[in-house]
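Asker: Here it is, the structure, as structure tokens.
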Amino acid sequence: MKLLEREPFLDELADLLVESRRGRGRLVLVAGEAGIGKTALVEAFCGESARGLPALWGSCDPVVPARPFAPLVDIAEKVKGPLRGALDSGNRNRVFEAFLAQLRQPGNMPGLIVFDDLHWADDATLDLLRVVGRRLRNLPVLLIGTYRDHEVGGGHPLRIALGDLPAGVVTELRLPPLSVDAVAALAAESGMDAVAIHRATMGNPFFVTEVLAAGGDELPAGIIDAVLARVARLSPSAQDVLRAVSVLGQRCEPALLSGMAPGDEAALAECVARGVLEMENGALRFRHELAQRAVRDGLAPGDRAALHGRALEALCRLGAADPAELAHHAVEAGDAEAVLVLAPAAAERAAGLGAHREAAAHYAAALRFGGRLEARSRATLLEGHGRECLTIDDVDAALVSQQEALECWRRLGDARREAICLQSLSLMLWFAADGDRAVEAAERAVELLGRASAPDRELARAYATLAQRLLVRGSDDAVTLSWGERALGLAERLCDEPVGVHALTTIGVAEIFLGMEGGWAKVEESLHRAKAAGLSEDASRALINLVEAARDTRRYEVADRYRDEAISYLAEHDPDHDLFRRRLLGVLAEIALERGRWEEAARLAGGLLVEGRSARLTRAKALTLLGRLRARRGDGDPWPLLDEALALAGPRGEAQEQCPLYAARAEAAWLQGDMARARTEAEIGLNLVSIDPWWQGELGFWSWKAGGPPRLPVGSAKPYVLHSSGRYQEAASAWHSISSPYHEALALAEAEGEEALRQALTIFQSLGAGPMAIKVARRLRGMGVRSIPRGQRRNTRRNPAGLTARELDVLALLAEGMRNADIAERLVISAKTVDHHVSAILRKLAVPTRAAAAEEAARLGLKDGELLPAR
């Protein structure tokens, strides 16, 4: 098909290529709906506009689970060097190093690389994008990616990966539909009605081509009908070829077809000549994935399974080595025996390459087909599935698998494996906000291993696990340190570095909470040792613990020191450890709240909810923060959020997670004037806290503010003690010294004198803390002060999320129950644009669903895209 209305995009690609050849590499993303011509545009650029520079092309596949590093597997077949060996090794870091090494040596790799269909990218490929993207500025490479923007929302893994890249590296080109004039040019020789075709296809180039190819006096009812009408005109043997190719993925070798589709070379040539298949570099592919899907979906279930079975046989005959590809065909063929061999192998390889979602899916497939497995084999699969689900932050699924595995080991009477299983279960229970059972599981593991006279190496890990659980549970620090030191002693005697750094981190954090400055050095030592040993998960844990400890001790300068390192390290070394990434974002959101960066706090917390699946503790933390923000801003009812957080945290949750929640609930009640409830909430929290000076201080402070005991608990943090004893200016100075403006203003608001009150008012107004600003302004007026600053305009206060005018338009229509397509038609914008606006609205309003956004619109008084004045 002739490429129409794409010249400006080709010109921009050419300009970016020139810039990249000068050593300033770029990632260009060509985005648009399926069939809009993304691949055709890039093919045309590579073929005609790239000034003769050869391009390396790799594609992601529409199979679940996806092949790890799918585009690199394609590319490795075309280049010399270490890349092929690195992929075969199954070592993710070797793959990164090999690819980067080849990019830095222009003789080994062209400076034009294409990753097609990134909306299907596996986790390992997304990790590669992060690693390469952070270095592109200094590489003479133009990396082009294509993706379907309507399939990539705010929580999509590709969108998250792109968010980790430096600003200025990524350029997006969004392809629009064809105009009526362009469709008329394409339809000129057919005699068909161009206006009618444009109306039926919405200007989608692939749809237009298929409608024209289908011919006939009437337009087909849909694209599938158009494709199938075209296929029906082929000979029976050519149709057999198409059916076989349709189950073989994006590309297939002609040799695979022998034995799958009886026929001759003429049938294959017919498919190519009629434009349904293409031959490229000796491999066959459908001209478009939509056509492939139409043919594949048209197969009867039995025929499809039979073709997958033949594909599996043919691949095994040819010596295919990719376990993910083999496992896919085994699953689709319903071959249980093959699945139980291939899927676990594919899962192990995917996990080794950092493709944890794909690994979890492979384990799940094996478990679906493994109902009759003996208990030992099934338990091993269940533990693998639980481990990978925990890594991708699907804690509920992880718990189900791990608990079933535990029952298997118990039935077998294998105490040693039961103990090892209990250690993993303990961590899952903690993230599920069941702290009591988490400690019980860790204690039971130590008990079982002791009875079984287990090797010291296993005992050391069990001791380290128990120490960590006791630490987060807020147990006696001396007991925690005792178990941690026993683990560390054994680990160092055995030269077991993983257990050693794990135990050292726990000991360091425990010492920090005891006020021992040496604790910081121990966690830092653990971090350095983990990095040196290549223990990325332990290094990530140490970094997160440093930031968390800095938050808990209000040492925000330490948090600043490690914040960027933690973000960068996780993005590069542990990017698909969703559990760790979301845990870090939750901590950063809390720090942003306390330091007065409320918009940042809302954005981070809202993002954790919009992403969907998250551990209960992570969601509870986000809801607590957003509820607290609502209360401080006077921006709606905080209690639905705070009550949901309480339900998630549960009665058996960790004290360090529940104390912030009860402090938030006490503050919200106090701001609403409900002193009895404020005291009750604060006292519940105080009963949970042990010797933490900051949570003792805050919970005691809110109890005191609500008419509770005049003295704060012994050991409370100094700023709270100063405030509660009437030394307001000193308290304000203390809060100012640690960059906590809201608490600084709370202290100033109780001081005597106009100047202090004006300072408090300025801070509250700058934060958007409406209720407190009103209280202070009322005090000033009572003192006879004139010319009191009014702060933000009413509409700005009532639109604290900062929605744009267009987002308000979309939200108003969404609140009326309209679908995205209807909103697009009403506002005369594309459905894709509406998708992006809806994602932005959910993120800014910090709500997880469209229904919740509609409720927020009603609360804001939104009508016809405008905020109505409050009555």
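Number 1268 marks the last residue of the sequence shown (the numbering used here); no jumps.
Ideal Cβ placement from N, Cα and C applies to all residues, glycine included.
All of these numbers come straight from a predicted model, not from anything done at the bench.
What do you get for S850, buried or exposed, if any count of 16 or more other CB atoms within 10 angstroms of its CB means buried?
Answerer: Exposed: under 16 other Cβ atoms inside 10 Å.
Asker: Ignore the nearest five residues each way along the sequence and tell me which others in L1109's own chain have a CB closer than 8 Å to its CB.
Answerer: These residues qualify, in order along the chain: Q1093, G1094, G1097, F1098, W1101, Y1117, V1118, S1121.
Asker: Here's the rule I'm using: 16 or more other beta-carbon atoms within 10 Å means buried, otherwise exposed. How should R746 be labelled?
Answerer: Buried, because 16 or more other Cβ atoms sit within 10 Å of the Cβ of R746.
Asker: I'd like the span of the alpha helix (DSSP H) that includes I1160, first residue to last.
Answerer: Per DSSP, I1160 belongs to the alpha helix (DSSP H) from 1151-1164.
Asker: How big is the Cα-Cα spacing for E1253 and L1242?
Answerer: Rounded to whole angstroms, E1253 to L1242 spans 8 Å at the Cα level.
Asker: How should T598 be labelled, buried or exposed, when 16 other C-beta atoms within 10 angstroms of its C-beta is the threshold for buried?
Answerer: Buried is the call here.
Asker: Using only CA atoms, which one of K435, H1133, V528 lies nearest to L407?
Answerer: When only C-alpha atoms are compared, the closest one is K435.
Asker: Would you tell me roughly how many angstroms separate the C-alpha atoms of H782 and A740, rounded to the nearest one?
Answerer: Going by the C-alpha atoms only, they are around 11 Å apart.
Asker: Could you tell me which uninterrupted beta strand (DSSP E) segments, each at least 3 residues in length, are contained entirely in the stretch 553-580, listed from first to last along the chain?
Answerer: Taking only runs of at least 3 residues, the beta strand (DSSP E) segments lying wholly in the stretch 553-580 are 567-571.
Asker: Buried or exposed for T1246, going by 16 or more other Cβ atoms inside 10 Å?
Answerer: It counts as exposed.
Asker: At which residues does the beta strand (DSSP E) containing V427 begin and terminate?
Answerer: Residues 423-429.
Asker: Give the DSSP-derived three-state secondary structure of D412 in the structure shown.
Answerer: In this structure, D412 counts as helix in the three-state DSSP scheme.
Asker: Within 8 Å, do at least three Cβ pairs link the stretch 904-918 to the stretch 926-938?
Answerer: Cβ pair count under 8 Å is below three, so no.
Asker: Going by CA-CA distance only, name the one from L1023, V869, A835, L770 that's closest to L1085.
Answerer: Cα-wise, what sits closest to L1085 is V869.
Asker: Grouping DSSP H, G and I as helix and E and B as strand, with all else coil, what is F466?
Answerer: DSSP places F466 in coil when its eight states are reduced to three.
Asker: Run through DSSP, which three-state label would V460 get?
Answerer: Reduced to three states, the DSSP call for V460 is coil.
Asker: Expressed to the nearest angstrom, what Euclidean distance is found between the alpha-carbon atoms of P852 and S823?
Answerer: Near 20 Å, if we compare the C-alpha coordinates of S823 and P852.
Asker: Starting from L1038, follow the alpha helix (DSSP H) in both directions and report where the run begins and ends.
Answerer: Looking at the DSSP string, the run of the alpha helix (DSSP H) that includes L1038 is 1036-1046.
Asker: Which residues share a DSSP beta bridge with V511?
Answerer: Beta-bridge pairing links V511 to W454, I541.
Asker: For my contact list, L1038 and G1024 are in at a C-beta cut-off of 8 Å; report their separation, rounded to the angstrom.
Answerer: The Cβ separation is near 4 Å, so the contact holds.
Asker: Distance check for D1032 and A756, CA to CA, integer angstroms please.
Answerer: For A756 and D1032, the distance between alpha carbons rounds to 43 Å.
Asker: Report the start-end ranges of each beta strand (DSSP E) in the stretch 1043-1107 that is 3 residues or longer and not cut off at the edges.
Answerer: Fully enclosed beta strand (DSSP E) runs of 3 or longer: not present.
Asker: From the DSSP secondary-structure annotation, give me the bridge partner or partners of A740.
Answerer: According to DSSP, A740 bridges with nothing at all.
Asker: With a Cβ-Cβ cutoff of 8 Å, do L631 and E675 count as a contact?
Answerer: Contact: no.
Asker: Measuring only the C-alpha atoms, how far is A794 from V460?
Answerer: Each residue's Cα considered, the two are about 22 Å apart.
Asker: Does DSSP put C786 in a helix, in a strand, or in coil?
Answerer: It is helical.
Asker: Contact defined as beta carbons within less than 8 Å: I believe A1063 pairs with E1078. What is the distance between those atoms, to the nearest angstrom?
Answerer: Rounded, the Cβ-Cβ distance is 4 Å, consistent with contact.
Asker: Quick check on T1201: buried or exposed, where buried means 16 or more other Cβ atoms within 10 Å of its Cβ?
Answerer: When all chains shown are included, T1201 counts as exposed.
Asker: What's the call for E1149, buried or exposed, on a 16-neighbour Cβ count within 10 Å?
Answerer: So E1149 counts as exposed.
Asker: In the structure shown, what three-state DSSP assignment does C649 receive?
Answerer: Strand, per DSSP.
Asker: Taking the alpha-carbon positions, what's the A1251 to A1209 distance?
Answerer: One C-alpha to the other measures close to 8 Å.
Asker: For L394, collect the residues of the same chain with a Cβ closer than 6 Å to its Cβ; drop the 5 residues on either side in sequence, then sort them by chain order.
Answerer: Coverage of the chain is limited to positions 398 through 1268, which leaves residue 394 absent and any answer about it impossible.
Asker: Based on DSSP bridge pairs, tell me the residues matched to F683.
Answerer: According to DSSP, F683 bridges with L674.
Asker: Helix, strand or coil: which one does DSSP assign to M599?
Answerer: Coil, per DSSP.
Asker: My assumption, with CB atoms under 8 Å, is that I510 sits in contact with V528. Please give the rounded CB distance.
Answerer: Actually they do not touch by this definition, with Cβ atoms about 14 Å apart.
Asker: Helix, strand or coil: which one does DSSP assign to I1135?
Answerer: In this structure, I1135 counts as coil in the three-state DSSP scheme.
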